[in-house]
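Novice:
Residue numbers (the numbering used here): 143 to 368.
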């Protein structure tokens, strides 16, 4: 399943304050790779969280396919994310006591028993593809690059239609970051996944189909790849 994105009149408000991000319109076909750049504090991560339905003070419309997620209640938003989204966070958000496989297959815990085996097998396949051999070690002993690869495998294990990434290469040295960029973009393209990645990394942004620049809570540039 693939899902296009359509955003209209999106406004994100701080508690009791003015809008910290506004986006009049954004149309994204299914399977496109979109980069989001801009200075720190401009609203990039806020946009990612709003597109995931994780920002409470949001108004406007965010359609993923036929589903407008801002109008859903909390339980239905959570169910939509579990079914359709993979998310990669800057700080990984791994369970330190679990192995790479244990972390990567977490989505299976929230699925029907009949689906769990497929997710576990896919998690193992993604870990192998990302260069992480099977090990009984917990991720507490992993390097930053290894931990980020586990986070990518976890995000992709349930074949999401949407992949949202917040600074996925920020903690990595150049060689590890470039390897992750190649793997992440290849996996997204092979699966037809819509990828939206917030990043300061020009190497990553250069691999996107389209790049938005956000400054002071507004889109100031929208360019397609050369």
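Where a beta carbon is used, it is the ideal one built from N, C-alpha and C, also for glycine.
All of these numbers come straight from a predicted model, not from anything done at the bench.
How is residue 203 classed by DSSP in three states: helix, strand or coil?
Specialist: In the structure shown, residue 203 sits in a strand (DSSP, three-state: E or B).
Novice: Which one of 242, 147, 218 has the shortest CA to CA distance from residue 175?
Specialist: Nearest C-alpha to residue 175: 147.
Novice: Taking DSSP as the reference, what is the three-state secondary structure of residue 349?
Specialist: Reduced to three states, the DSSP call for residue 349 is coil.
Novice: Where residue 169 and residue 336 are concerned, what is the direct C-alpha to C-alpha distance, given to the nearest angstrom?
Specialist: Their Cα atoms are separated by approximately 12 Å.
Novice: Roughly how many whole angstroms lie between the Cα atoms of residue 287 and residue 277?
Specialist: Using only the alpha carbons, I get a separation of about 16 Å.
Novice: Would the C-beta of residue 196 count as close to the ligand FAD, meaning under 7 Å from any of its heavy atoms?
Specialist: Absence of the ligand FAD from the depicted structure is noted, as is the absence of any ligand whatsoever, leaving it without description.
Novice: Is residue 177 buried or exposed, if buried means 16 or more other CB atoms sit within 10 Å of its CB?
Specialist: Result: buried.
Novice: Using a 10 Å radius around the Cβ and a threshold of 16 neighbouring Cβ atoms, would you call residue 235 buried or exposed?
Specialist: The residue is exposed, with fewer than 16 neighbouring Cβ atoms inside 10 Å.
Novice: For residue 238, which of helix, strand or coil comes out of DSSP?
Specialist: If DSSP states are grouped into helix, strand and coil, residue 238 belongs with coil.
Novice: Going by DSSP, what residue range makes up the beta strand (DSSP E) through residue 228?
Specialist: Where residue 228 is concerned, the enclosing beta strand (DSSP E) stretches over 227–230.
Novice: DSSP three-state call for residue 195: helix, strand or coil?
Specialist: Three-state result, residue 195: coil.
Novice: Could you please give me the residues that DSSP links to residue 209 through a beta bridge?
Specialist: BP columns for residue 209 point to 206.
Novice: Give every residue of the same chain whose Cβ lies closer than 7 Å to the Cβ of residue 367, excluding the five residues on either side of it in the sequence, and list them in chain order.
Specialist: Correct list, in chain order: 350, 351, 352.
Novice: Just confirm the distance between the C-beta atoms of residue 268 and residue 293, as a whole number of angstroms; I'd bet it's less than 8 Å.
Specialist: That pair is no contact at about 11 Å.
Novice: Which same chain residues end up closer than 6 Å to residue 308 when comparing Cβ atoms and leaving out the 5 residues on each side of it in sequence?
Specialist: Excluding residues within five positions, the ones whose Cβ falls inside 6 Å are 187, 190, 231, 232, 340.
Novice: What span of residues does the beta strand (DSSP E) with residue 182 cover, start to end?
Specialist: That residue, residue 182, is in no beta strand (DSSP E); it is neither H nor E in DSSP.
Novice: Of all the options 180, 299, 198, 221, which has the alpha carbon lying nearest to the alpha carbon of residue 155?
Specialist: Nearest of 180, 299, 198, 221 to residue 155, Cα basis: 198.
Novice: Between residue 310 and residue 325, what straight-line distance do the alpha-carbon atoms span, to the nearest angstrom?
Specialist: Each residue's Cα considered, the two are about 12 Å apart.
Novice: By Cβ distance below 6 Å, which residues in the same chain neighbour residue 165 in space, the five residues on each side in sequence not counted?
Specialist: Hits under 6 Å: 149, 152.
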